Amino acid sequence: SEAAPSAAMASPCLARATLGDGAAMPLVGFGTYLLPPERTKEAVREALAAGYRHVDTAEGYKNEAEIGQALRESGLPREDVFLTTKVFPGNPAWNAPAKGYSDCISACEASLARLATPYVDLYLIHAPFCQA
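First residue of the sequence shown? That's 32 in my numbering, and the numbers climb one at a time after it.
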């Protein structure tokens, strides 16, 4: 007789990788780039209902508030959803001043306020620009 498939095999959304700090990051996430704010809440709620447990956003996507609403309305405990957001570091070539340390801390605090959550699971530098 064959063994029953593991939960990760039954739903690819549940497969996880263990990060260096011990956090378990779902390998499949729901990306929200180009998802307009007026459609974000419903789309994220549907993704969570379908089994996604990783939601990816960024300050530049302008949909963090709606993602926070969807998370709260989903009924899922916050710790069951892995949440990624990103800071845009600026790009002087685009007339966007480079952000320093304190600017990045402020941007993170603003993202947390928009998401209405005390933490994110992963905070990334979005499209880091550097010059050699």
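The beta carbon of each residue, even a glycine, is placed where N, CA and C say it ideally should be.
Keep in mind the model is a prediction, meaning the values are calculated, not measured.
query: Assign Glu97 to one of two classes, buried (16 or more other C-beta atoms within 10 Å of its C-beta) or exposed (fewer than that).; result: buried
query: Candidates His157, Pro159, Ile136, Phe160: which alpha carbon is nearest Tyr150's?; result: Ile136
query: Among all the DSSP beta bridges, which residues are the ones paired with Thr9?; result: The chain is shown only over 32 to 163; residue 9 falls outside these bounds and no answer can be derived.
query: Buried or exposed for Glu69, please, with buried defined as at least 16 other CB atoms from any protein chain shown within 10 angstroms of its CB.; result: exposed
query: Per DSSP, what are the beta-bridge partners of Phe61 in this structure?; result: Val86
query: Could you check whether the Cβ of Leu102 sits closer than 8 Å to any Cβ belonging to chain B?; result: No chain B is part of this structure, which consists of one protein chain only.
query: Can you grab the Cα-Cα spacing for the pair Thr148 / Asp111, in whole Å?; result: 13 Å
query: Spatial neighbours of Leu155 within its chain, please: C-beta separation below 7 Å, excluding the five flanking residues on both sides.; result: Thr115, Lys117
query: I'd like to check one pair, Pro120 with Phe61: are the Cβ atoms closer than 8 Å?; result: no
query: Enumerate in chain order the residues of its own chain whose CB-to-CB distance from Arg103 is below 8 Å, with the five nearest sequence positions on each side excluded.; result: Ala147
query: Opposite Asn94 in the DSSP bridges: which residues?; result: Partner(s): none; Asn94 has no beta bridge.
query: Whole angstroms is fine: what's the gap from Glu77's alpha carbon to Arg84's?; result: 11 Å
query: Can you find the residues in the same chain that come closer than 8 Å, C-beta to C-beta, to His157, ignoring five residues on each side of it along the sequence?; result: Ala89, Glu90, Gly91, Lys117, Val118, Phe119, Pro120
query: Asp152 to Gly82, Cα distance in whole Å?; result: 18 Å
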